[in-house]
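Below: the structure, in structure tokens.
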């Protein structure tokens, strides 16, 4: 089960709309297949500590963002995007956001961070997916894993 969808990718704004449309026109199954593959990869890291797959309505936002960020990175590496010049600040942020997602994946596997399904979140508890004392995000993406701040987004560049 994919932890993120094409709609999540559009809503999070990590890719300019024209690039997303071009990708969809080329191969409508490419992005859904990549989202599924990245979600399956996350399951390998989550499985030792959590039940998988996480039910669709319980997927924490940090997990959706991580899956989307890795797919955007893979697409960028695989084919590039006409509206994102290589070496630009946006390209650097794509790489940094993928590194954040990989770090989250490793932290989940190693027990430094937890992915808690949304129905398990309780008021006053640490944010879902946050690990006390851990903030491995690159400077452009400050905060805990569960925050939505992501610096400059690619959408509308």
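Numbering (the working numbering), first residue to last: 5 to 161.
We put the CB at the ideal spot given by N, CA and C, even for glycine.
Predicted model, so just to flag it, every value in this text is computed and none were measured.
Kindly indicate which three-state DSSP category residue 98 falls into: helix, strand or coil?
Here residue 98 sits in helix by DSSP.
To the nearest angstrom, report how far apart residue 82 and residue 120 are at their CA atoms.
Between the alpha carbons of residue 82 and residue 120 lies a distance of about 32 Å.
Give the range of the alpha helix (DSSP H) segment to which residue 90 is assigned.
Neither: residue 90 is in no alpha helix (DSSP H) and is coded neither H nor E.
Under the three-state reduction of DSSP, which class applies to residue 119: helix, strand or coil?
coil
From which residue to which residue does the alpha helix (DSSP H) around residue 25 run?
21-30
With a threshold of 8 Å, are at least 3 pairs of Cβ atoms found where one atom belongs to the region 5-14 and the other to the region 31-44?
Touching, yes.
Return the first residue and the last residue of the alpha helix (DSSP H) that residue 43 is part of.
34-50
Starting from residue 80, trace the alpha helix (DSSP H) in both directions and tell me its first and last residue.
65-83
Given 8 Å as the limit, is there contact between the region 82-91 and the region 47-54, that is, 3 or more CB pairs closer than that?
no
Taking only three categories from DSSP, how would you classify residue 112?
helix
Using DSSP with H/G/I as helix, E/B as strand and the rest coil, what is residue 62?
helix
Should residue 12 and residue 94 be called a contact, given that it needs their Cβ atoms to be closer than 9 Å?
no
If you count every other CB in all the chains shown that lies within 10 Å of the CB of residue 99, and 16 or more means buried, which is it?
exposed
May I ask which residues mark the beginning and end of the alpha helix (DSSP H) holding residue 15?
Here the alpha helix (DSSP H) through residue 15 covers 10-16.
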